[in-house]
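2 protein chains.
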Amino acid sequence: MNGQFQIATHVLTLLCKQPGELLSSDYVAGSMNVNPVLVRKEMRKLRACGLIESKEGKTGGYSLALPPQKITLADVYKAVKLPPALGQAKNKPNPDCPVGKQIGTHLDHLADDVEAAIVKKLSTITIFDFVNQFD
Amino acid sequence: MNGQFQIATHVLTLLCKQPGELLSSDYVAGSMNVNPVLVRKEMRKLRACGLIESKEGKTGGYSLALPPQKITLADVYKAVKLPPALGQAKNKPNPDCPVGKQIGTHLDHLADDVEAAIVKKLSTITIFDFVNQFD
DNA sequence: TTGTACTGTAATATTTTTTATTACAGATAA
DNA sequence: TTATCTGTAATAAAAAATATTACAGTACAA
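Going down the list, the protein sequences come from chains A and B.
Every position in the first sequence, counted from 1, becomes a number in my numbering once 1216 is added.
Every position in the second sequence, counted from 1, becomes a number in my numbering once 1216 is added.
Structure representation (structure tokens):
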């Protein structure tokens, strides 16, 4: 149960719907029933990728750093860095087994391909597109 | 850290490499350093989808139910039913917020699209293909 | 210049999920 | 009838995600 992508997308949606305004982590957290600190953590990632800007102090808050047509959901996905879609083995396989010895490499390669497919799909959708679905 | 797909793929690889033999959960678990009960749990899912067969009793074990050319990694992915690639919000958003009210629907739709992209990619690779990569 | 309302961040606790372990009933072959 | 396997449940342990608390730093405004 990992809601990081959902938090990031929710905030970007709010920012897109209220351009020019600075939204606080408290306000945003209230809209999605989540802890404000968690919002600030995700915002740090989005800012590190140049998707949003933040302002400290009274009257501080978050705003889009780019026009919403320039932000794709792939950017969001890469910013929040979810765990791999195919999962990840906890233990290393037995190196004495011919299969165990090699399977890690092949599974890694496969995981890369799947991540690429996800990014490709998400790169076709901008925040602008996503928000346009709303009434 | 979710290794269910890895376990399933590892077992199918071993079964493919040793056709005709029945492999026990203990043997397989040893090849991937994982608990045998966990292997049996994944095998239950694969069997429910008709990918493998199992035999109880002494000399029991697991075998492929189909030729490896007929089993795609998409079949495996669907059989093990991983959590959604984009994650999932734990809490429901605030229904009094215009965005919170609707975003669930749009995120669900997006999740479906991404899962479809993953399945499409994985459906191009059979277990036979995967195993052929090994030395 | 002092109070207020934010961000930024760390530390810790709680909750949830995943994996491991233990146990045992039932099946099947030697 | 004994040994070795699957099938499954129940429980424990480990890992990950989220929530909470706390507080330093920043910026605005009265």
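The beta-carbon is built from N, C-alpha and C at its ideal position, and this holds for glycine as well.
Predicted model only: the values in this text are computed from it and were never measured.
Give the range of the beta strand (DSSP E) segment to which B/Ser1247 is assigned.
Counting along the chain, B/Ser1247 falls outside any beta strand (DSSP E), though it belongs to the alpha helix (DSSP H) covering Ser1241 to Met1248.
Chain B partners of A/Gly1219, CB-CB under 7 Å?
Gly1303, Gln1304, Ala1305 and Lys1306
Among A/Leu1239, A/Lys1337 and A/Leu1298, which one has its Cα closest to the Cα of B/Asp1328?
A/Lys1337
is_contact[B/Asn1249, chain A] using C-beta, thresh 8 Å
yes
Which two residues bound the contiguous alpha helix (DSSP H) that contains B/Lys1271?
In the DSSP assignment, B/Lys1271 falls outside any alpha helix (DSSP H) and within the unbroken beta strand (DSSP E) covering Ile1268 to Lys1271.
Using the Cα positions of A/Pro1299 and B/Met1217, report the straight-line distance between them to the nearest angstrom.
8 Å
C-alpha distance - B/Gln1349 paired with A/Pro1252, whole-angstrom precision:
47 Å
8 Å Cβ cutoff met for B/Ser1279 and B/Leu1230:
no
Pull the bridge partners of B/Ser1279 from the DSSP assignment, please.
Paired residue(s): B/Glu1269.
Which residues in chain A have a C-beta closer than 8 Å to the C-beta of B/Val1255? List them in chain order.
For a Cβ distance threshold of 8 Å, nothing in chain A lies close to B/Val1255: the least Cβ distance comes to about 12 Å.
Tell whether a beta-carbon distance below 8 Å holds between B/Val1250 and B/Val1227.
Taking 8 Å as the cut-off, the beta carbon of B/Val1250 is found no closer than this to the beta carbon of B/Val1227.
Validate contact between the region 1269-1276 of chain B and the region 1304-1321 of chain B using beta carbons, cut 8 Å, 3 pairs:
With the rule of 3 Cβ pairs closer than 8 Å, the region 1269-1276 of chain B does not count as touching the region 1304-1321 of chain B.
Rounded to whole angstroms, how far is the Cβ of B/Ile1343 from the Cβ of B/Ile1287, which I believe are closer than 8 Å?
5 Å
For B/Cys1313, which residues in chain A fall below 9 Å Cβ to Cβ?
Leu1230, Gly1246, Ser1247 and Met1248
Rounded to whole angstroms, what is the Cα-Cα separation between B/Thr1321 and A/Gln1220?
Cα to Cα, the separation comes out at about 17 Å.
Mapping DSSP to helix, strand and coil, what is A/Thr1340?
Shown here, A/Thr1340 sits in coil according to DSSP, grouped into three states, outside any helix or strand.
Assuming contact is defined by CB atoms lying nearer than 8 Å, are B/Val1296 and B/Ala1245 in contact in what I supplied?
no
Per-residue contacts from A/Asp1329 into chain B (C-beta, under 8 Å)
Taking a Cβ-Cβ cut-off of 8 Å, the neighbours of A/Asp1329 in chain B comprise Lys1337, given in sequence order.
I believe A/Ile1334 touches B/Ala1290 by the beta-carbon criterion, under 8 Å. Please report the beta-carbon distance rounded to the nearest angstrom.
No, A/Ile1334 and B/Ala1290 are not in contact; Cβ-Cβ is about 14 Å, not under 8 Å.
Cβ-Cβ separation, A/Ala1301 to B/Ala1301 (assumed contact under 8 Å), whole Å:
4 Å
Can you give the Cα-Cα distance for B/Gln1285 and B/Ser1339, rounded to whole angstroms?
12 Å
Kindly list, in the order they appear in chain A, the residues whose Cβ is closer than 8 Å to that of B/Asn1310.
Under the 8 Å cutoff, chain A gives Gly1246, Ser1247, Met1248 and Asn1249.
Tell me the rounded alpha-carbon separation between B/Lys1243 and B/Cys1232.
With the sequence shown as reference, residue 1243 of chain B is identified as Tyr, and Lys is not the correct amino acid for it. Cα to Cα, the separation comes out at about 15 Å.
By how many angstroms is the C-alpha of B/Gly1236 removed from the C-alpha of B/Glu1258?
Those two C-alpha atoms are separated by around 20 Å.
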